[in-house]
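Numbering (this note's numbering) for the sequence shown: 134 to 1107. We put the CB at the ideal spot given by N, CA and C, even for glycine. For reference, the structure discussed in these notes is given below.
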Amino acid sequence: MNIEYLKINHLVNPLGYDLANPTISYVVTEAAGKRQTSARVLVSLQEDFSEILYDSGERGDIVSTGFELPVIMKPMTRYYWKVWVKDETGDSAWSEAQWFETAKTVTWQGGVCRPGETDSCLSAQGSAGQESADCGQDGQAGTWQAKWITPKLEKQVQAAVWQEIRIPKPAVRARAYVTGLGLYEFFVNGEKQGEECLLPGFCDYDSWMQYQTWELQLKTGENRVELVLGDGWYKGVYGMRVKSENYGSRLAALAEIHVWYEDGTKEVFGTDESWKSRKSRIVESGIYSGEVYDASLDVSETFGTELIDLGYDRLSPRLSPAITIHERLKPVEVIHTPAGETVLDLGQNMVGWLAFRCKAPAGTKLHFQFGEILQDGNFYNENLRTAKAEFTYISDGKEREVRQHFTFYGFRFVKVEGWEGEPDPEDFRGLVIHSDMEELGEITTSDPLVNRLVLNAKWGMKGNFVDVPTDCPQRDERYGWTGDAQIFSGTASYFMDTCAFYTKYGRDLYGEQMKLDGSVPDVVPVANYPGDASTAWADAATIIPWNVYLHYGDKNILRRQYGSMKAWVDYMKREDDSDGAKRLWQTGTHYADWLALDGNYPGGVYGATDPDMIASAYYYYSANIVAKTAKILGKDGDAKSYETLAQEIYDAFVKEYFTPSGKLAVDTTTAYVVALYMGLTPEFAYEKVCRGLLNRLKKNFYHLDTGFVGTPYLCRMLSENGMNDLAYHLLQEKGYPGWLYEVLMGATTIWERWNSVEPNGKISGTEMNSLNHYSYGSIVEWMFRNMAGINPCEEHPGFKRFRIAPMPNYRIGKSEVRLRAASGRIESAWEIDGKMLKFRFTVPFDTEAEIVLPDAEAEVIRQQAGCAACGKAGEDAIRQDGKNVVFLAGAGSYTFCYEPTTPYRKTYSLDSTWEELNENPKARAILEQEYYFERIPFEKELCTLEELTWAPFTGRGVTKEKREKLDRMLRGVE
134 MNIEYLKINH LVNPLGYDLA NPTISYVVTE AAGKRQTSAR VLVSLQEDFS EILYDSGERG
194 DIVSTGFELP VIMKPMTRYY WKVWVKDETG DSAWSEAQWF ETAKTVTWQG GVCRPGETDS
254 CLSAQGSAGQ ESADCGQDGQ AGTWQAKWIT PKLEKQVQAA VWQEIRIPKP AVRARAYVTG
314 LGLYEFFVNG EKQGEECLLP GFCDYDSWMQ YQTWELQLKT GENRVELVLG DGWYKGVYGM
374 RVKSENYGSR LAALAEIHVW YEDGTKEVFG TDESWKSRKS RIVESGIYSG EVYDASLDVS
434 ETFGTELIDL GYDRLSPRLS PAITIHERLK PVEVIHTPAG ETVLDLGQNM VGWLAFRCKA
494 PAGTKLHFQF GEILQDGNFY NENLRTAKAE FTYISDGKER EVRQHFTFYG FRFVKVEGWE
554 GEPDPEDFRG LVIHSDMEEL GEITTSDPLV NRLVLNAKWG MKGNFVDVPT DCPQRDERYG
614 WTGDAQIFSG TASYFMDTCA FYTKYGRDLY GEQMKLDGSV PDVVPVANYP GDASTAWADA
674 ATIIPWNVYL HYGDKNILRR QYGSMKAWVD YMKREDDSDG AKRLWQTGTH YADWLALDGN
734 YPGGVYGATD PDMIASAYYY YSANIVAKTA KILGKDGDAK SYETLAQEIY DAFVKEYFTP
794 SGKLAVDTTT AYVVALYMGL TPEFAYEKVC RGLLNRLKKN FYHLDTGFVG TPYLCRMLSE
854 NGMNDLAYHL LQEKGYPGWL YEVLMGATTI WERWNSVEPN GKISGTEMNS LNHYSYGSIV
914 EWMFRNMAGI NPCEEHPGFK RFRIAPMPNY RIGKSEVRLR AASGRIESAW EIDGKMLKFR
974 FTVPFDTEAE IVLPDAEAEV IRQQAGCAAC GKAGEDAIRQ DGKNVVFLAG AGSYTFCYEP
1034 TTPYRKTYSL DSTWEELNEN PKARAILEQE YYFERIPFEK ELCTLEELTW APFTGRGVTK
1094 EKREKLDRML RGVE
């Protein structure tokens, strides 16, 4: 037995984080048995566990996806923990020791910090409910002795602040509690501390400011401590309304260094007006503009610092996972363009920095520009709008490794100017930066284009998960649009462990909500963007924490966000009440099905689906989520109240948007999808809604026309409502609009628009056209949930019990999906081999999976399954459920091979298009025999054979019996 993937609050050995409600998680592998029968957790102040602070004892109720440590934490303290697990065979093991260290201040359980609350020395509440005002060792832990300082320089001057601190005797431990505004890098004795980038990150600075904890190695004697500062999001050029100084106008720094000596004494050093400042060699920096670095600049002149009143009430231990360099991409080509430019091609649209080895003579100015695409073979960056996205480096004549510091770029191509001679690709690397998140999910199919699409979605996530889930990483925007974040949150949680990342974003969102009486902004952090309460966007408040809970099984995200979730639904209810309490949301302004293709204007942004219908649907959906969340958290009164509200919305929705005969009043693809996905289709209307969805696709000649609301759920609703073949068809559509159109056009990330680049290679416009916009990458969630069939279960979140219900299709011959879920490694693989279906599944230790085998016979599966699959219930546990076979499987690996009851091949029918029927000789022969036309009048206006049989010029004399015969004959074609 091995115990792996040990985390606390989904972080590995975190230093100085906000660990309110510290919760451990782990995964057991290579066990002799199938299930955990008991476990034991130890917490100690010593690495050798000689001093036990907490011992759970051997217990049967410790859950691997989340066990909360009932330990009252003290500030500035390192804790060690480990877990012991035993299975039903008696096999057992201890994990390796892990640790976490608290920051200068702590929060605990009921004292979870809320926006606007002071974080310093919050009262703690232990497991017995006893409150404690313990501020930790040394008595002053919760009080900041350091002072906020700012350089005595003009506010536009980029600068560093520094001080020499003297360590008079040997130290055993040193910690620094540091933040800088807007951005900072921390140096001790000329060495950059840590590997992190863009500290302290981007947050709602008006509500809270994160500080970081550093473990220092200080020498006896003088030590130079320095913070290099940059404008960043805080005061630099950023935003679409207020163009700069969104949060402040001055660079600022706060640093408090605690040193513990061998003789048992302690000393504290902090920023104050005695610190000095200097100009920075980073002459200019900006999120949009890029950076200018002058290595030849003399920065020896010393300036003073002065105090700046920023207060301490907003300070909080960090929540942001570290932003670090994850990959180093070598250029695949040096291009000399028709315009005479020298351009590096990184081969991948990425986000981060360009590093290079500089050997240029002193005074040489190197200039780099960054872009996503070439046009007519030349460098192009006009779709970045006003974002300059440049880097200028002035050499001092010394050979150096050069990178950027306080900016980042979204790019594949780099235009190089000033380089002496031919650039050598070996001298350059693209540094890929994003927030640290463990990669979890992998998808491989027999279709290389689909595989590239999956990679494009993952690269889109990497590029846009830089502390905040942004819409795009390259142009003069880079906002944390809540709609994009919500849409992609399910896919993101399959791809990577997003729990810590979304926990931080949730605090930003809740902080912004508190300023808006419960409404949710369009972008988070707001940065002075005036917009809120837009359906689907604002529902990020409920949907993101719910998705995180389903995937990882940790209630902490629900606890933290419950007030936010509830406040958003209450806001919608107040809007509804002020409009007559109709239990519909029919007020406000909404983006709705943004960028759908069915709007009034080609290339426009507003889709045709009634915004009020979408808003009312999300009103119901979010109310339902809050009701379920309240029940999980033991808030029974709230649960009942929101269940009642949700039922009232459902009743009103059905009355408003369905005719008595079951017809949906809003006839768009997205309307049908939303009604199905959100559980708003009454039983009497189900068949007409499904038929309506099919008919909409027929009218579009089996092309999608959905936008941000409809697209994430479109293929899922097709697969789950008897139209799986159409879901695969849309996935593999190679023309416009379609996911593979982008791939065939050379995309290496997901585009903002279905036609961001035209077939001739020309970019379709510059007003709003990002080539790295992950929203439509949400198709990958369909691949995990439907193609592979891996679905979490609300009653047993974190995949402790889950469903594997793969839905193969002849269009893709093979699929292999692996997911390192919160409970362990899940695998779902299938292959269509001639007439046979082959499956391979892996169910991890201490979990159960309901496995659904499509188009199978129970007796055949019983013969193949053996006792391992039958469990305690025996062979009767394998049951026939319509066309499928269902059984509950414990931990283990399973393989099946059988001939399906329905052939897995292309099926022709009345719903086939005239073109595809004529492409098959056998189908064409049937048409020539049974339904011959020398020429089809108005052929381009009709999509399917069924439509032709009802049209005035091609349907005369075609009876119901004739249609049924045609359909039957065509379905027999192989």
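| request: Within its chain, find whatever has a CB closer than 7 Å to the CB of glutamate 460; leave out the 5 residues flanking it on each side and keep chain order. | output: Start at 1 with the first residue of the sequence shown, and residue 460 comes out as number 327. So the qualifying residues of the chain are Val565.
| C-alpha gap between tyrosine 943 and lysine 968, whole angstroms | Counted from its first residue, the sequence shown places residue 943 at position 810. Counted from its first residue, the sequence shown places residue 968 at position 835. Rounded to the nearest angstrom, the two C-alpha atoms are 10 Å apart.
| request: Starting from the Cα of cysteine 1076, find the closest Cα among Gly496, Ile620, Ala998, Tyr835 and give me that residue. | output: Position 943 of the sequence shown, counting from 1, holds the residue named residue 1076. When only C-alpha atoms are compared, the closest one is Tyr835.
| Environment of lysine 215 [buried if 16+ CB atoms lie within 10 Å] | The count along the sequence shown starts at 1 and reaches residue 215 at position 82. Classification for lysine 215: buried.
| task | Identify the continuous alpha helix (DSSP H) that holds lysine 821 and give its terminal residues. | result | Working through the sequence shown from its first residue, we reach residue 821 at position 688. Taken as a continuous stretch (DSSP letters only), the alpha helix (DSSP H) holding lysine 821 covers 819 to 832.
| Nearest-angstrom Cα separation, counted from cysteine 848 out to tryptophan 915 | Along the sequence shown, read from residue 1 onward, the residue named residue 915 stands at position 782. Along the sequence shown, read from residue 1 onward, the residue named residue 848 stands at position 715. Between tryptophan 915 and cysteine 848, the C-alpha separation is close to 7 Å.
| query | Near threonine 1028, what residues of its chain come up, given a Cβ to Cβ distance below 6 Å and the 5 sequence neighbours on each side ignored? | reply | Against the sequence shown, residue 1028 aligns to sequence position 895. Correct list, in chain order: Arg973.
| said: At the level of alpha carbons, what is the spacing between alanine 1134 and glycine 327? | reply: Only positions 134 to 1107 of the chain appear in this structure, which leaves residue 1134 out of reach.
| request: Please name the residue or residues paired with tyrosine 1031 in a DSSP beta bridge. | output: Here the question's residue 1031 lines up with position 898 in the sequence shown. BP columns for tyrosine 1031 point to Leu970.
| message | Suppose you measure from the CA of arginine 247 to the CA of arginine 640; what does that come to, to the nearest Å? | response | Counted from its first residue, the sequence shown places residue 247 at position 114. Counted from its first residue, the sequence shown places residue 640 at position 507. Low confidence applies to arginine 247: its pLDDT is 38, below 50, so where it sits in the model is not reliable, and the reading given next is rough at best. Rounded to the nearest angstrom, the two C-alpha atoms are 8 Å apart.
| said: Cutting at 6 Å between CB atoms, please list the residues of its own chain near leucine 1081, excluding the five before and the five after it. | reply: What you label residue 1081 is simply residue 948 of the sequence shown in a count that begins at 1. Leaving aside the five residues that flank leucine 1081 on each side, the residues in its chain whose CB is nearer than 6 Å to its CB run, in chain order, Leu1075, Thr1087.
| message | Just to confirm, is the Cβ distance from valine 321 to isoleucine 576 under 7 Å? | response | By one-based count along the sequence shown, residue 321 stands at place 188. By one-based count along the sequence shown, residue 576 stands at place 443. Going by C-beta atoms, valine 321 is not nearer than 7 Å to isoleucine 576.
| message | Check this for me: beta carbons of methionine 1102 and isoleucine 1069, under 7 Å apart or not? | response | Here residue 1102 corresponds to residue number 969 of the sequence shown, with the count starting at 1. Here residue 1069 corresponds to residue number 936 of the sequence shown, with the count starting at 1. For the 7 Å CB-CB criterion, methionine 1102 and isoleucine 1069 do not form a contact.
| query | Going straight from the alpha carbon of alanine 309 to that of isoleucine 765, what length do you get? | reply | The count along the sequence shown starts at 1 and reaches residue 309 at position 176. The count along the sequence shown starts at 1 and reaches residue 765 at position 632. Alanine 309 and isoleucine 765 have their C-alpha atoms roughly 39 Å apart.
| said: Does the CB of serine 413 have a neighbour CB from chain C at under 7 Å? | reply: In the displayed structure, chain C is absent; only one protein chain is listed.
| request: Drop a sphere of 10 angstroms on the beta-carbon of tyrosine 734, count the other beta-carbons inside from all chains shown, and report buried for 16 or more, exposed for fewer. | output: Stepping through the sequence shown from its first residue, residue 734 is reached at position 601. Its Cβ having fewer than 16 others within 10 Å, tyrosine 734 is exposed.
| field | Start and end residues, alpha helix (DSSP H) containing isoleucine 782 | value | As a first step, residue 782 must be located in the sequence shown, where it is residue number 649. Unbroken alpha helix (DSSP H) run through isoleucine 782: 769 to 790.
| What's the C-alpha gap between lysine 1095 and asparagine 857? | In the sequence shown, the residue the question calls residue 1095 occupies position 962. In the sequence shown, the residue the question calls residue 857 occupies position 724. Those two C-alpha atoms are separated by around 27 Å.
| request: Kindly indicate which three-state DSSP category tyrosine 1041 falls into: helix, strand or coil? | output: Taking the sequence shown and counting its residues from 1, the one referred to as residue 1041 is at position 908. Tyrosine 1041: coil per DSSP, three-state reduction.
| Cβ neighbour criterion (16 or more within 10 Å) applied to serine 253 | By one-based count along the sequence shown, residue 253 stands at place 120. Reliability fails at serine 253, whose pLDDT of 33 lies under 50, so the model's placement of it is uncertain and the value that follows must be treated cautiously. Answer is buried; the Cβ neighbour count reaches 16.
| request: Compute the beta-carbon to beta-carbon distance between glutamate 406 and leucine 440, rounded to the nearest angstrom, for a pair I have assumed lies under 8 Å. | output: For the purposes of this step, residue 406 is identified with residue 273 of the sequence shown, where counting begins at 1. For the purposes of this step, residue 440 is identified with residue 307 of the sequence shown, where counting begins at 1. Leucine 440 and glutamate 406 do touch by the CB rule: their CB atoms are close to 6 Å apart, below 8 Å.
| Beta-carbon spacing of valine 1106, tyrosine 1037 below 7 Å | Reading the sequence shown from its first residue, position 973 is the one you call residue 1106. Reading the sequence shown from its first residue, position 904 is the one you call residue 1037. Cβ distance not < 7 Å, so valine 1106 and tyrosine 1037 don't count as in contact.
| request: Return helix, strand or coil for glycine 922, following the three-state DSSP convention. | output: As a first step, residue 922 is located in the sequence shown; it is residue number 789 there, counting from the start. Note: glycine 922 maps to coil in three-state DSSP.
| said: Spatial neighbours of alanine 261 within its chain, please: C-beta separation below 7 Å, excluding the five flanking residues on both sides. | reply: Here residue 261 refers to the residue found at position 128 when the sequence shown is read from its first residue. Residue placement at alanine 261 is poorly supported in this model, since its pLDDT is 26, which falls under 50; the coordinates still yield a value, given next. If we look at alanine 261 and ignore the five residues flanking it on each side, it has no Cβ neighbours.
| said: On a Cα-Cα basis, can you pick out the residue from Gly334, Asp339, Leu349, Met373 that is closest to leucine 362? | reply: By 1-based counting over the sequence shown, the position of residue 362 is 229. The residue with the shortest Cα to Cα distance from leucine 362 is Gly334.
| task | Measure the alpha-carbon distance for glutamate 137 versus tyrosine 724 and round it to whole angstroms. | result | Position 4 of the sequence shown, counting from 1, holds the residue named residue 137. Position 591 of the sequence shown, counting from 1, holds the residue named residue 724. Glutamate 137 and tyrosine 724: Cα-Cα distance of roughly 44 Å.
| Going by beta carbon distance, what residues of the same chain come within less than 6 Å of glutamate 590, once the five residues before and after it are set aside? | Position 457 of the sequence shown, counted from the start, is the residue given in the question as residue 590. What sits at residue 590 in the sequence shown is alanine, not glutamate. Within the same chain, alanine 590 has close Cβ partners Ile883, Gly910, Val913.
| message | I'd like the span of the beta strand (DSSP E) that includes arginine 545, first residue to last. | response | Translated into the one-based positions of the sequence shown, residue 545 becomes position 412. Counting along the chain, the unbroken beta strand (DSSP E) around arginine 545 starts and ends at 542 to 550.
| said: Counting C-beta neighbours from all protein chains within 10 Å, is the total for glutamate 632 16 or more, i.e. buried, or is it exposed? | reply: Within the sequence shown, residue 632 is the residue found at index 499, counting from 1. Sequence check: residue 632 is cysteine here, not glutamate. Looking at its Cβ environment, which holds 16 or more other Cβ atoms inside 10 Å, cysteine 632 is buried.
| task | Give the DSSP-derived three-state secondary structure of valine 681 in the structure shown. | result | Reading the sequence shown from its first residue, position 548 is the one you call residue 681. Reduced to three states, the DSSP call for valine 681 is helix.
| Where does tryptophan 592 sit, in a helix, a strand or coil, going by DSSP? | As a working mapping, residue 592 is identified with position 459 in the sequence shown. Secondary structure at tryptophan 592: helix, using DSSP grouped into helix, strand and coil.
| task | Measure the Cβ-Cβ separation of leucine 448 and proline 464 and say whether it is below 7 Å. | result | If you number the sequence shown from 1, residue 448 lands on position 315. If you number the sequence shown from 1, residue 464 lands on position 331. No, they are not a contact pair.
| Should aspartate 604 go down as buried or exposed, given a rule of 16 or more other Cβ atoms within 10 Å for buried? | Working through the sequence shown from its first residue, we reach residue 604 at position 471. Aspartate 604 comes out buried.
| query | Which of helix, strand or coil does DSSP assign to serine 755? | reply | Along the sequence shown, one-based indexing puts residue 755 at 622. DSSP, read as helix, strand or coil, puts serine 755 in helix.
| request: Give a yes or no on contact between the segment 556 to 573 and the segment 946 to 966, applying the rule of three or more CB pairs nearer than 8 Å. | output: The way I'd put it, the segment 556 to 573 does touch the segment 946 to 966; three or more beta-carbon pairs between them come closer than 8 Å.
| request: Check each candidate in Glu359, Val976, Met483 and name the one with the smallest Cα separation from aspartate 438. | output: Indexing the sequence shown from 1 puts residue 438 at position 305. As written in the sequence, residue 438 is threonine, which differs from the aspartate given in the question. Here the closest residue by C-alpha is Glu359.
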